[in-house]
Amino acid sequence: QQSLWAESITLPVDEDDLLPSADGFVAQVREAHQGVDWLMENGAKVHIGTITVQLELMAGKGDVQELLDSNKEIQLERGLMVNELDARCHDLQALQEKVILQHNLSSEEQEQVTTYIQRDMARCQEDLEIM
90 QQSLWAESIT
100 LPVDEDDLLP
110 SADGFVAQVR
120 EAHQGVDWLM
130 ENGAKVHIGT
140 ITVQLELMAG
150 KGDVQELLDS
160 NKEIQLERGL
170 MVNELDARCH
180 DLQALQEKVI
190 LQHNLSSEEQ
200 EQVTTYIQRD
210 MARCQEDLEI
220 M
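Residue numbers for the sequence shown follow the numbering used here, so the first one is 90 and each next one is one higher.
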């Protein structure tokens, strides 16, 4: 498992980086971004749990059966996270495809929204790789 080491290519994106607009589509993109943030936080908890159990097993700490049970539970959580990350990537892809249809946004604004969405997609892909 790659939980013990990963190299992040992208940095988290602040919502302030996105257009200061009340546009409904921009609001959808912001909401999707918040969903990505939530997934990253929960993914980090899963990674921490995985590493903790692995270290405790290697160190011989605690009841082995309890640790193995914890490991099974964490593996189930990892599977759920993979599904949620994959679904979020598809949602972001759908949003990206809708950007060009946003005629109320200038081409520069469309480019900014596309970049914002692509960063979140990269964050999801990176976390999927180490799940």
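Ideal placement from N, C-alpha and C gives every residue a C-beta, glycine not left out.
What is the DSSP secondary structure of residue i, reduced to helix, strand or coil?
{"i": "Ala-111", "result": "coil"}
{"i": "Gly-71", "result": "Look at the range of the chain in this structure, 90 to 220, and you will see that residue 71 is not part of it."}
{"i": "Met-129", "result": "helix"}
{"i": "Ser-196", "result": "helix"}
{"i": "Ile-189", "result": "coil"}
{"i": "Met-210", "result": "helix"}
How would you call residue i, buried or exposed, if buried means at least 16 neighbouring beta carbons within 10 angstroms?
{"i": "Asp-152", "result": "exposed"}
{"i": "Met-147", "result": "exposed"}
{"i": "Ile-163", "result": "buried"}
{"i": "Thr-139", "result": "buried"}
{"i": "Ala-121", "result": "buried"}
From this set, the options, which residue's C-alpha is nearest residue i's C-alpha?
{"i": "Gly-113", "options": "Arg-208, Ala-211, Gln-191 and Ile-219", "result": "Gln-191"}
{"i": "Asp-209", "options": "Leu-157, His-179, Glu-197 and Ser-195", "result": "His-179"}
{"i": "Ser-159", "options": "Lys-150, Val-142 and Met-170", "result": "Val-142"}
{"i": "Gln-117", "options": "Ala-183, Gly-138, Arg-212 and His-136", "result": "Ala-183"}
{"i": "Arg-212", "options": "Leu-156, Ala-111 and Met-129", "result": "Met-129"}
{"i": "Arg-119", "options": "Lys-134, Thr-203 and Met-170", "result": "Thr-203"}
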